[in-house]
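Working notes, structure below.
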Amino acid sequence: MSRQSIGELISEAIAMFIIIGLGDSVACMYVLYDPSPYANAYWGVCIAWGLAVTIAIYVTGAVSGTHANPAVTLALALFRKFPWKKVIPYCIAQVIGAFLGAAIVYVLFSPVIDHYNQVHQLTREAGGAAGVFFTHPGLAITPMHALLDQIILTAFLLFGIFAITEQYNEMAPGANSGALIIGLLVATIGASMGYLEAWAINPARDFGPRVFAYFAGWSSSALPAPDNYWWIPIVGPLIGGVVGAAAYQWLVYPFLPARLRVLRSPQDASGANGVVTDPTR
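Remember, the numbering used here sits 20 above the position in the sequence shown when you count from 1.
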């Protein structure tokens, strides 16, 4: 493995460390304190998660592109020629980063977690305060409905990411502001749909902290979780990411005027043999 490849994997781990370190911390602020500083300001929770994504992109984007999500990595491999040989290493690095992010949240908030459980007469084994680390179904949501939700939410995410990062999309933000818009996209999904099952939309975001929580005393409430829920925030986003990316590639990308101009201009898009090609695909 080359030095650059190692750097990319470290970058992906750092990105998830930042996202979970900040995101799960705001979950602690939301859940563990009474009164919660976010009791009447849920948008603040969403913004914190979104800005965590933005910061992660600004820190690591130049090295790895900041996929920071196995659903993004898979979609990029399917539709934007990301090398398949890097898919599994990227995903592993993302899960490791999320695990370490959960660990730093635990270092910060473990006394508060224990106090919360003591006050509410809960135990870790029974799932006390588990929601600060990983997701679970919300009010009236069954596991199978949660699977459908995660497909739809992640489809929105990847549809938006593909639009924001498409070089032929003349309405997309510039490179320096794209990270902020992606963060706002994450925040908006959380603000509009997050109560369904805490808007995982990222297998690493859920699984890494879930594994950490398993070893930190939450045991079966983390893995396999009630109703064997653990696999839903993995499978749902992976399917949804492909659906959202495919929707953009099939319904929007072919009709982008800037792309069509390039394809119609031999001097801009011709290869050595004069055949007009789409240089991005």
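The beta carbon of each residue, even a glycine, is placed where N, CA and C say it ideally should be.
Computed from a prediction, not measured in an experiment: that's the story for all the values here.
Annotation: the continuous alpha helix (DSSP H) that includes Phe129 extends over Val107 to Val139. The shortest CA-to-CA distance from Ala236 to any of Leu258, Phe119, Ala97 and Ile221 is the one to Phe119.
Note that the segment 220 to 237 touches the segment 246 to 257; at least 3 beta-carbon pairs, one per stretch, sit closer than 8 Å. Counting along the chain, Trp270 sits inside the alpha helix (DSSP H) bounded by residues Ile252 to Leu271.
Two segments are said to touch when three or more pairs of C-beta atoms, one from each, lie closer than 8 Å; by this definition the segment 66 to 80 touches the segment 38 to 51. For a cut-off of 8 Å, the C-beta gap from Arg144 to Trp219 is around 24 Å, too long to register as a contact. Taking all protein chains in view, the Cβ of Ile108 is surrounded by fewer than 16 other Cβ atoms within 10 Å, so the residue is classified as exposed. By the Cβ criterion, the segment 42 to 57 is not in contact with the segment 164 to 175, since fewer than three pairs of Cβ atoms, one from each stretch, lie closer than 8 Å. Within the same chain, Ile171 come within 6 Å of Ile259 by CB-CB distance, once the 5 residues on both sides are set aside. Between the beta-carbon of Leu216 and that of Ile133 there is about 24 Å, and that puts the pair past the 8 Å contact cut. Here Thr174 has Ala91, Ile221, Pro257, Gly260 and Gly261 as same chain residues with Cβ atoms under 6 Å from its own Cβ, once five neighbours each way along the sequence are excluded. Between the segment 54 to 70 and the segment 140 to 156, the count of C-beta pairs closer than 8 Å stays below three; the two stretches do not touch. Between the alpha carbons of Tyr268 and Leu200 lies a distance of about 20 Å. In this model, His135 and Val79 are separated by some 34 Å (Cα to Cα). By the CB criterion at 8 Å, Ser45 and Val125 fall inside the cutoff.
In the DSSP assignment, Asp169 falls within the unbroken alpha helix (DSSP H) covering Pro163 to Thr185.
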